[in-house]
Every structure is written in structure tokens, then in C-alpha cells.
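Below you'll find the structure, written out as C-alpha cells, and then a few comments.
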Ligand code: SF4
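Residue numbers (the working numbering): 114 to 574.
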């Protein structure tokens with residue numbers, strides 16, 4: 114069924130869903146109309162968002178919004194659940210390599226106050242637990258653990274420590290004090306190798322000291338032993354190799370999707386759906402098998418739209434690179450309402466987008482990938498990659514989204530801005546987006562529009 118791409122409100126999606134159903138739409142078991150996520154789970158924010166009108170986007174949203182339900186179903190069927198925290202992309206590859214083990218990120222509670230428009234009261238409860246607004250919205254994870262109303266309690270909780278942000282470290286320690294034991298593993302702060310020091314290539318074009326890779330490898334092996342105990346079988350090299358191959362299949366699919374969308378002359382998919390799709394890289398949204406077809410369907414839709422020149426945003430939209438995830442998903446819609454389109458991103462987990470080396474011993478490969486995390490190394494490394502991607506995708510303007518309370522935001526924006534100014538001289542705006550940004554919309558709109566206007570004025574006549 115051919116259909117011109119649109120961005121629809123939740124109500125408009127009801128009608129679109131009926132059309133698709135009449136045309137013979139086939140959905141996985143977690144499918145259904147989007148509006149039910151408001152009725153059943155109080156995800157009121159969905160009423161204020163605009164969604165891509167494709168069946169592929171419908172599947173993506175249903176996959177995302179049924180994660181907790183799917184986790185509970187998996188547990189009822191005997192699966193063991195692992196809460197993996199902070200590393201964003203590495204431990205889930207190991208957990209998924211074991212039979213009947215499912216990883217998820219309790220950190221994902223980050224978005225619950227946004228989705229429920231704070232009716233969950235998680236941030237208020239987090240205040241009472243000693244994590245006030247001077248912490249980033251990930252503090253919502255703390256009460257979510259205690260009240261059992263969101264994600265199921267994991268059978269094993271694993272968290273990286275060391276080179277992680279102060280916010281997360283403090284919140285995870287508080288969580289442990291509240292009675293949730295955590296298996297900690299150490300992540301050293303990535304540094305450039307000293308002259309003459311043995312060094313290794315890392316994914317993303319980085320280089321790290323061999324000693325640091327060795328340290329992370331030993332830590333991951335220790336984590337692997339505990340995961341094996343949970344699963345009742347060893348996490349053998351063969352199992353991890355197979356797990357790495359499966360993870361890379363998903364990463365390749367995501368690379369195809371990003372390349373198709375970000376390099377296209379118009380936007381075949383909107384920014385919001387691209388943010389959600391990229392997020393799937395970190396833990397396959399708790400179902401590695403299903404994640405692949407979800408992404409493949411989106412990539413097929415994007416390719417079809419590019420081939421037929423059917424774009425969801427006007428062709429003259431400004432090509433924008435977006436730095437950091439947004440606490441309020443509505444901000445991604447706002448970019449388009451202001452006349453921009455997403456053509457590049459660093460949502461803080463670029464190491465989960467890069468392929469894991471398949472020609473190395475598997476724990477060594479995972480250690481190198483973990484050490485390539487943009488948040489465990491100098492912000493200059495992150496800035497370098499952003500500049501390279503800005504060139505690759507012909508970016509015209511950059512938006513740096515600051516996360517309220519996030520301890521890293523005040524200092525990482527400067528090196529990123531400086532490098533972009535030095536190498537590309539692109540217009541940049543830095544904005545802070547709270548979990549529900551409605552009250553700030555006029556200000557945010559003015560600031561984004563201003564930077565897009567500058568970008569437009571710089572275009573060749
Ligand atoms: S402060 Fe930043 S890195 Fe730390 S948990 Fe929050 S968003 Fe993640």
C-alpha cells in the first residue's frame with residue numbers, strides 16, 4: 114500500500130491504524146494501536162508528539178513502548194533478567210549470548226517522567242530519596258526500583274564504575290544502600306597512550322593503552338563468570354563470538370539506516386524515530402531477535418522513500434547534527450517544526466554503533482569496544498568524531514542539548530563547540546531541555562530558529 118509520508122498526531126494515528134488494518138497489516142504480538150499506550154500505561158506525552166505514518170514506525174514505537182510488558186512475559190516464561198547499568202552497549206552483548214537471559218537498562222527510567230508527563234511522581238520521590246534536581250533525570254531510576262511499577266526487578270544488577278559520571282555513580286551507590294546488591298566492574302578513564310607505551314586500536318578510530326584494554330578485559334571476564342552462574346552455563350568464547358556476530362548484524366543494520374537517512378537529500382524519516390531507532394543499539398530493547406526486523410523494516414521504508422523522493426520534512430530543511438539525548442522527546446519534533454532535520458547524532462553511545470571486532474579474542478574485542486565509550490574519554494575525542502560526522506553528512510548547524518543537572522554537560526560543551534568553530538565554523542546552539550519542556554517551548558523555538566536562520570543565510574545563493 115503506497116502512502117505519502119506524514120507526521121501524525123496520536124489521534125490521527127488511530128485512523129491510519131484502521132487504514133493499515135483494512136489493507137491487511139500484519140503485526141508481531143506486541144503490535145496494536147498506539148493510543149493504547151496512553152490508556153494502559155498513562156504515557157500522556159504521546160498525545161503531544163508527532164509520529165511518522167509508516168507501518169515500520171508503528172512497529173518501532175510498539176516495540177519500544179512494550180518493553181516492560183515483554184520483560185515480564187519473558188520472566189514468566191523462565192528467562193532471567195539482568196539490569197545492566199551505565200556502560201550502554203557492552204554487557205548486554207554478553208548477557209544476550211547466554212540462553213534465556215535478557216538484559217535491560219534500568220537507566221531507561223530516564224524517560225519515564227517525560228512519557229508520563231511527571232504523573233509517575235518519580236522525580237518527586239527521587240527528591241525524597243536524597244537525589245534532588247542537582248542530579249540528572251536518571252535519578253528517576255531510584256524510586257522506579259523501589260515501587261515495582263515500571264520495570265521488573267532484575268535477577269542480577271551490573272554497573273560499571275570508575276570513569277562514569279558522578280550523577281550515575283552516586284545514584285547507583287544509593288541504590289545499593291537501599292538493598293539492591295550490585296556487581297560493579299571497573300572502567301578506567303581512557304587516555305592517549307604515552308610515547309612508546311604498547312597501544313591498541315579501538316572502534317571509532319580511537320587508540321588506547323594496551324594496559325587499559327587488559328584491565329577492562331579482566332573485568333568483563335569477571336562479569337562473564339557471574340552471568341554464567343545466573344544462566345546455569347558458562348559464557349564460553351564460542352557463545353560470546355556468536356553474540357558479537359548477532360550484535361554486529363544489528364549494528365550493521367543501524368549503520369545502513371543512519372547512512373540512508375542522514376545522507377539523503379531530504380528526510381525519509383523524522384528525527385524522533387531516528388532517536389528511538391539508535392537507542393535500540395544499546396540493549397536491543399530487551400529482545401535481540403526482534404530488534405533486527407524492527408530496524409530492517411525502518412531501513413526498507415527509508416530506502417523506498419529516498420528512491421521515490423518522498424520526504425517527511427520539506428526538502429529545504431537545515432541539516433542538523435544533534436549532540437546528547439533529550440530528556441523530553443518532544444524536542445525532536447520541535448527541531449522539525451523550526452525548519453531543521455536530523456542528519457547526524459551523538460546520543461552519548463556512539464561506541465554501541467561501531468562494529469565490535471570479530472577477528473580478536475572475544476573478551477578483548479568487547480573490552481576495546483567498552484573503552485571506546487565517548488563518555489569515558491576526553492571530550493576532545495568526542496568532538497573530533499562529531500566534526501568528522503558533520504563533514505560526512507554535510508551538516509549546516511549543530512544543536513547541543515544539555516541535560517538538566519548532568520555533571521558532564523557544563524564542561525563537555527566547550528571543547529565540542531571550540532572544535533566545531535575551529536574546523537567547520539558552523540552555527541551552534543546549546544539548549545537545556547527538561548523532562549517536560551512545554552513551558553520552555555517559546556524560548557527553545559526562538560533559539561533553534563535563530564541558529565537555523567544563520568545556517569540558511571550561509572547557503573550558496
Ligand atoms: S549525567 Fe549524563 S552520563 Fe550521567 S547518567 Fe545523566 S545523562 Fe547519563
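Glycine included, every Cβ here is placed at the ideal spot set by N, Cα and C. Just so you know, these numbers come straight off a predicted model, no measurement behind them.
Would you call residue i buried or exposed, if buried means 16 or more other Cβ atoms sit within 10 Å of its Cβ?
i	result
residue 535	exposed
residue 350	exposed
residue 332	buried
residue 110	No statement about residue 110 is possible, as the shown extent of the chain runs from 114 to 574 and does not include it.
residue 150	buried
residue 233	buried
residue 329	buried
residue 555	exposed
residue 571	exposed
residue 280	buried
residue 260	exposed
residue 182	exposed
residue 464	buried
residue 247	exposed
residue 575	Any property of residue 575 remains undetermined from this structure, which presents the chain solely from 114 to 574.
residue 587	Because the chain is modelled from 114 through 574, residue 587 falls outside the range shown and cannot be assessed.
Assuming residue i and residue j are in contact, meaning their beta carbons sit under 8 Å apart, how far apart are those beta carbons, in whole angstroms?
i	j	result
residue 262	residue 158	About 17 Å separates the two Cβ atoms, so there is no contact after all.
residue 512	residue 537	At roughly 14 Å, the Cβ-Cβ gap does not stay under 8 Å, so residue 512 and residue 537 are not in contact.
residue 195	residue 269	5 Å
residue 405	residue 390	Not a contact, Cβ separation roughly 12 Å.
residue 484	residue 303	5 Å
residue 385	residue 461	No, residue 385 and residue 461 are not in contact; Cβ-Cβ is about 17 Å, not under 8 Å.
residue 164	residue 147	7 Å
residue 226	residue 236	5 Å
residue 448	residue 561	6 Å
Identify the continuous alpha helix (DSSP H) that holds residue i and give its terminal residues.
i	result
residue 359	350 to 376
residue 179	From DSSP, residue 179 is part of no alpha helix (DSSP H); its letter is neither H nor E.
residue 193	Premise fails: residue 193 lies in the beta strand (DSSP E), 193 to 198, not in any alpha helix (DSSP H).
residue 524	522 to 536
residue 548	No alpha helix (DSSP H) contains residue 548, which DSSP labels as neither H nor E.
residue 345	That residue, residue 345, is in no alpha helix (DSSP H); it is neither H nor E in DSSP.
residue 454	Residue 454 -> not in any alpha helix (DSSP H); beta strand (DSSP E) instead, spanning 453 to 459.
Using CA atoms only, rank isn't needed, just tell me which of the options is closest to residue i.
i	options	result
residue 287	252, 301 and 309	252
residue 441	374, 546, 256 and 469	546
residue 451	510, 142 and 470	510
residue 145	172, 568, 164 and 154	172
residue 336	348, 325 and 326	348
residue 271	277, 284 and 295	295
residue 202	494, 475 and 396	396
residue 422	498, 381 and 392	381
residue 123	140, 170 and 143	170
residue 245	265, 284 and 221	284
residue 198	208, 187, 306 and 190	208
residue 264	223, 289 and 352	223
residue 267	307, 192 and 225	192
residue 221	255, 416, 243 and 212	255
residue 376	409, 218, 322 and 434	434
residue 373	387, 517 and 239	387
residue 520	142, 531, 307 and 488	488
residue 213	360, 190 and 439	190
Since residue i is in the beta strand (DSSP E), which residue starts that stretch and which ends it?
i	result
residue 515	510 to 515
residue 314	312 to 315
residue 217	214 to 217
residue 320	319 to 322
residue 432	431 to 436
For the ligand NAP, any of its heavy atoms closer than 6 Å to the Cβ of residue i?
i	result
residue 459	Within the structure as shown, the ligand NAP is missing, the only ligands being the ligand SF4.
Considering only heavy atoms of the ligand SF4, list every residue whose Cβ is less than 5 Å from one of them, following chain order.
249, 251, 278, 280, 281, 516 and 519
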